[in-house]
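> My questions will all concern the structure given below.
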Amino acid sequence: MSILVIAEHDHAALKAATLNTVAAAAQLGAQLGTEIHVLVAGANCAAVAQAAAVLAGVARVKLADAPLYAEQTAENLAALIVANAGGYTHIIGPATTFGKNLLPRVAALLDVAQISEICGIESPDTFIRPIYAGNALATVKSADAVKVITVRTTAFDAVGQGGSAAVENIAAGPDLGLTQLVGRELTKSARPELGAAKVIVSGGRGLASGENFHKLLEPLADKLNAALGASRAAVDAGFVPNDYQVGQTGKIVAPQLYIAIGISGAIQHLAGMKDSKVIVAINKDPDAPIFQVADYGLVGDLFQLVPELTAAL
Amino acid sequence: MKVLVAVKRVVDYNVKVRVKADQSGIELANVKMAMNPFDEIAVEEAVRLKEAGIATEVIAVSCGVTACQEQLRTALALGADRAILVETDAAQAAELQSLAVAKLLKAVCDKEQPGLVVLGKQAIDDDANQTGQMLAALLGWPQATFASQVVIADGKATVTREIDGGLETLAIRLPAVVTTDLRLNEPRYATLPNIMKAKKKPMDVLKPAELGVDIAPRLTTLRVVEPAKRQAGVKVADVAELVAKLKNEAKVI
């Protein structure tokens, strides 16, 4: 029996979240003494399979390279995974929108529970996961023969390279033809990915407009080589697109340094960033809840303080 | 086309939850309950489809204790036409997990034959984000999760989804399952006349056994604890002090 990791990728390269997922699989693999396999399903994605093959701890890469996986639809991917599920005790993916969309479908087809967004592994069948926006941690034990899991990527340090796994081609599954991609509008940015950035500069309603958001935060983010994030309020107000959102229902991040600017600190926002190593808050309201989690708080007018901070770095 | 919408009774989002002293779960005694906010968005979307002449009937479904009727009445007041409660006892409801709910909803779909099922993308209590995907799998239907826009035309749904990198638009065959994200719509408030009217709308109560569904939990919760609290730090006087602290004390820049 082995552990199967579902790779998230863009057909050219692995997404960083896959490395954290392999790390969680490695913990399980060490406890069980079993191999880790990575499934790469895509179109013209041999480079991804090669990248997965050199990850530390990976014993085998299964590659399903076919046009029907170009769009990465949950329906076709789930059918492929279920057809290849034999021999695996655990099927694991990242708790990204990719993994959250896919793994519950896989679990239901296998008639097993799915365990969402685990942040700790107690034993091969017992996992720790956040509930209530991270205000509580539940330890749950699975009675199913196959554990289908998504992994909170910030809770597991990415694996490095050093493996030399064999790449095995596997047959493509059926094209169910249920879903068709119309288009994607992906945010193009030279900045680091939010989920993998060491520093994040994040803005909230206090910035008052999208124009201010970019004018004030981008120079600071440039200085720090930081990713840009936002509170739900800033996204709802249309300052920035949805993919900037950090929080319970947005992205969960844990950078070395998180700078919250004009963010009051609603519970659902804190749920997405309170595991950051160092938190800085800049807010004009000295009683804002964000100061209860911030290591360093600066009370004042962000329109004056942020340019000052940018200049001082 | 019938539209089925799923509704979960959860702790109100304004409540600061507390963990029980015996670590068996969350304190629910005397806590305000409400409809899961993502499900309100789902109800709103279904009602708008009816107002647009696309849906012929909106059916709200909930699974759990008798008190879930409150949330179903809310859905009826918001514009759903009728409601179905799949009723369990309190002990079963406490461990009614996503797979079991998906199976119950599938059984309801088999009876009602909706053209579209709309669910919230996740419930704010267990944050599982599974039920819609599982229901789609069990029905063999396409799924469009985390929707920020839904357009129904020519027997298909064109759904814009909020994904990590931005937005993705899918065309999916009907019948299908859609789960709602925050920005799909802004739910209306129930008016008093509509709340009164909702009391007269039909509500069926079924048992899991009548639907032939085994709702036994697959996961056992061993304990629930509070996470380690983050200590509040210090307030700094000015930018110069902040930069000095980040460089010399925290060593992160």
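Going down the list, the protein sequences come from chains A and B.
Counting with the numbering used here, you get residues 115 to 427 for the letters of the first sequence.
Counting with the numbering used here, you get residues -15 to 237 for the letters of the second sequence.
We treat Cβ as the ideally placed atom computed from N, Cα and C, and that holds for glycine.
Which same chain residues end up closer than 6 Å to L133(A) when comparing Cβ atoms and leaving out the 5 residues on each side of it in sequence?
If we look at L133(A) and ignore the five residues flanking it on each side, its Cβ neighbours are A272 and V273.
> List the residues of chain A that Q106(B) touches, going by C-beta distances under 8 Å, in chain order.
Correct list: T363.
> Helix, strand or coil for I117(A)? Go by DSSP, reduced to three states.
If DSSP states are grouped into helix, strand and coil, I117(A) belongs with the strands.
> Go to C47(B), then tell me how far its beta strand (DSSP E) extends in each direction, as first and last residue.
C47(B) -> beta strand (DSSP E) spans E41 to G48.
> Pick out whichever of I373(A), N397(A), T363(A) and A335(A) has its Cα sitting closest to the Cα of D111(B).
Checking every option, the nearest Cα to that of D111(B) belongs to T363(A).
> Would you identify the three-state DSSP class for H383(A), choosing helix, strand or coil?
In this structure, H383(A) counts as helix in the three-state DSSP scheme.
> Taking beta-carbon pairs under 7 Å, can you tell me which members of the segment 150 to 170 of chain B lie near chain A?
The residues in question are G150, L151, E152, T153, L154, A155, I156, R157, L166 and R167.
> Skipping 5 residues on each side, what residues in its chain have a beta carbon closer than 7 Å to that of L384(A)?
Taken in chain order, the residues that qualify are V407.
> Which chain E residues sit within Cβ distance under 8 Å of V226(A)?
Looking at the structure shown, chain E is missing, and the protein chains on hand are A and B.
> Does I245(A) have its Cβ less than 7 Å from a Cβ in chain B?
Judged by the 7 Å Cβ criterion, I245(A) is in contact with chain B.
> As a quick exercise: from A155(B), T164(B), D165(B) and V161(B), pick the residue whose alpha carbon is nearest that of G291(A).
For the residues A155(B), T164(B), D165(B) and V161(B), the minimum Cα distance to G291(A) belongs to A155(B).
> Taking only beta-carbon positions, decide if N113(B) is within less than 7 Å of chain A.
Yes, contact with chain A.
> G297(A) touches chain B at which residues, Cβ-Cβ below 7 Å?
Here the neighbours are T153.
> DSSP state of G343(A), grouped into three classes?
It is a strand residue.
> Can you give the beta carbon distance from G361(A) to R346(A), rounded, assuming they're within the 8 Å contact cut?
The Cβ separation is near 6 Å, so the contact holds.
> Taking DSSP as the reference, what is the three-state secondary structure of N249(A)?
Correct three-state label for N249(A): coil.
> Would a check of beta-carbon distances place K398(A) closer than 7 Å to chain B?
It does not: the Cβ of K398(A) has no partner Cβ on chain B nearer than 7 Å.
> Closest to L182(A) by C-alpha separation, out of R219(A), Q294(A) and N283(A), would be which residue?
Checking every option, the nearest Cα to that of L182(A) belongs to Q294(A).
> Does the Cβ-Cβ distance between E29(B) and N178(B) come in under 7 Å?
Contact: no.
> Quick check: L300(A) and G150(B), are their CB atoms within less than 7 Å of each other?
It is a contact, given that the beta carbons lie within the stated cut-off.
> So that I know if they touch, is there some Cβ in chain A lying closer than 7 Å to that of V206(B)?
The sequence shown places Leu at residue 206(B), not Val. Chain A, which has a Cβ nearer than 7 Å to the Cβ of L206(B), makes this yes.
> My guess is that K214(A) and T264(A) are in contact by the Cβ rule of under 8 Å, so how many angstroms apart are they, rounded?
K214(A) to T264(A), Cβ: 6 Å. Contact.
> Does the CB of K213(B) have a neighbour CB from chain A at under 7 Å?
Chain A, which has no Cβ nearer than 7 Å to the Cβ of K213(B), makes this no.
> Using a 10 Å radius around the Cβ and a threshold of 16 neighbouring Cβ atoms, would you call E189(A) buried or exposed?
Looking at its Cβ environment, which holds 16 or more other Cβ atoms inside 10 Å, E189(A) is buried.
> Spatial neighbours of I108(B) within its chain, please: CB distance less than 7 Å, with the 5 preceding and 5 following residues excluded, ordered by chain position.
The answer, listed in chain order, is V(-6), Y(-3), N20 and P21.
> Check whether chain B comes within 7 Å of Q418(A), counting only Cβ atoms and requiring the distance to be less than that.
Answer no: the Cβ-Cβ gap between Q418(A) and chain B never drops below 7 Å.
> Considering only heavy atoms of the ligand FAD, does any lie closer than 6 Å to the CB of I68(B)?
You won't find the ligand FAD in this model; it holds no ligand whatsoever.
> Examine chain A for any beta-carbon lying closer than 7 Å to the beta-carbon of A86(B), and answer yes or no.
Yes, contact with chain A.
> In chain B, which residues lie with their C-beta within 8 Å of the C-beta of R219(A)?
Per Cβ cutoff of 8 Å: Q117, M118, A120, A121 and Q127.
> Going by DSSP, name the residue or residues bridged to D179(A).
G156(A), per the DSSP bridge assignment.
> Rounded to the nearest angstrom, how far is the Cβ of I205(A) from that of I195(A), given a contact under 8 Å?
Between I195(A) and I205(A) the Cβ distance is about 7 Å, and since that is below 8 Å, they are a contact.
> Here's a check: name, in chain order, each residue in its chain whose Cβ is nearer than 6 Å to the Cβ of P126(B), leaving out the five neighbours to either side.
Contacts found: I156, R157 and A160.
> Buried or exposed for K235(B), please, with buried defined as at least 16 other CB atoms from any protein chain shown within 10 angstroms of its CB.
K235(B) comes out exposed.
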